[in-house]
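A short write-up of the structure that comes next.
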Amino acid sequence: MEKLVQERAVPLAEQVFQTLEEDILQGRLKPGEVITELRLSKALGVSRTPIREALQHLEQESLVEIRPNRGAVVLGITRDDLEVIYDMRIRLEGLAASLAAKTADEEQLNAMKEVLDLQEFYVEKNNPDEQEIFDSRFHEMVYEFSGKRILYEVLKNLHRRITRYRRLSVTDMDRARKAITEHREIYEAIRDGNGSLADTLTIRHVENAKRSALASFESYEKA
135 MEKLVQERAV PLAEQVFQTL EEDILQGRLK PGEVITELRL SKALGVSRTP
185 IREALQHLEQ ESLVEIRPNR GAVVLGITRD DLEVIYDMRI RLEGLAASLA
235 AKTADEEQLN AMKEVLDLQE FYVEKNNPDE QEIFDSRFHE MVYEFSGKRI
285 LYEVLKNLHR RITRYRRLSV TDMDRARKAI TEHREIYEAI RDGNGSLADT
335 LTIRHVENAK RSALASFESY EKA
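Using the numbering used here, you'd call the opening residue of the sequence shown number 135 and step up by one each time.
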């Protein structure tokens with residue numbers, strides 16, 4: 135955990151929150167681990183006040199539990215959390231795709247195709263880090279092109295919460311190749327304005343992603 139360099143545009147407590155959230159979601163801070171204000175103050179080079187605010191924010195996000203006279207216990211993402219998040223995505227992403235099929239314009243469709251081409255390029259180059267970036271960007275485009283701000287915000291937050299297990303899943307290159315095919319089918323349905331098909335294909339895609347992510351979770355927990 136590196137010391138923070140304060141950015142004027144971002145409150146210090148928010149910087150601490152973002153740093154700790156990333157460490158928890160990426161598994162660098164593991165469930166059951168205890169973190170204290172004093173430890174974080176020394177590690178990050180900031181006073182205890184913004185750390186206290188950040189920990190309270192993390193507790194609101196159900197990522198830690200603050201226990202008096204002990205510190206904050208990392209909760210992280212449980213298997214049950216993962217299942218529920220994917221079940222929510224299954225229902226909501228299908229809706230987003232069906233709406234995108236009605237509202238996406240030519241410029242947006244071209245941008246989506248470009249992202250798909252780049253994702254496929256990096257899969258063929260066996261570059262999991264880059265292909266994961268474009269995999270995520272494709273999903274964000276579906277949310278964005280739905281034209282519904284609340285739907286976009288909810289789905290983007292759900293997507294972010296399971297970032298570690300998505301990354302373990304999508305960097306499995308066999309799964310990545312299948313995901314490309316599924317993404318192209320979803321794109322074609324959106325391009326053709328077929329909301330019902332886009333909904334069905336997206337549900338199927340996220341169900342497949344859920345199975346892969348749960349398998350990744352089991353492997354990670356056993357490691």
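Every residue gets a Cβ at the ideal spot worked out from N, C-alpha and C, and that includes glycine.
Run through the stretch 186-239 for me and flag every whole alpha helix (DSSP H) of 4 or more residues, listed as ranges in chain order. 213-237
Is it buried or exposed, Pro-202, if we count other Cβ atoms within 10 angstroms and call 16 or more buried? exposed
Measuring alpha carbon to alpha carbon, tell me which residue in Ile-314, Phe-279 and Asp-214 is nearest Val-227. In the sequence as presented, Val is not what sits at residue 227; that position holds Glu. Comparing Cα-Cα distances from Glu-227 to each of Ile-314, Phe-279 and Asp-214, the minimum goes to Phe-279.
On the DSSP bridge assignment, give the partners of Ile-169 in chain order. Ala-206
Buried or exposed (CB count within 10 angstroms, at least 16 for buried), Gln-194: exposed
For Asn-261, name the three-state secondary structure that DSSP assigns. coil
Give me the residue from Leu-146, Gly-161 and Lys-247 with the minimum Cα distance to Phe-351. Gly-161
Check Ile-320 in the structure and name its three-state DSSP category. helix
Applying the criterion that 16 or more other CB atoms from any shown protein chain within 10 Å of the CB defines a buried residue, is Ser-196 buried or exposed? exposed
If you reduce the DSSP assignment to three classes, tell me which class Arg-162 lands in. coil
Pair within 8 Å by beta-carbon distance, Tyr-286 and Tyr-299: no
If you draw a straight line from the alpha carbon of Ser-346 to that of Leu-250, how long is it in whole angstroms? 20 Å
In three-state terms, what does DSSP make of Lys-282? coil
What whole-angstrom Cβ distance do Ala-188 and Val-144 have, given they're in contact under 8 Å? With 8 Å as the limit, Ala-188 and Val-144 do not qualify as a contact, their Cβ atoms being about 12 Å apart.
Quick check on the burial criterion: 16 or more other C-beta atoms within 10 angstroms. Buried or exposed for Phe-268? buried
Do Leu-243 and Arg-325 have their C-beta atoms closer together than 8 Å? yes
Can you give the beta carbon distance from Leu-292 to Met-222, rounded, assuming they're within the 8 Å contact cut? 6 Å
If you draw a straight line from the alpha carbon of Gln-190 to that of Thr-336, how long is it in whole angstroms? 36 Å
Please classify Ile-337: does DSSP put it in a helix, a strand, or coil? helix
How long is the line joining the alpha carbons of Phe-272 and Asp-333, rounded to whole angstroms? 15 Å
So Gly-327 packs on Ala-235, CB below 8 Å; how close in whole Å? 5 Å
Determine the DSSP secondary structure at Pro-145, reduced to helix, strand or coil. coil
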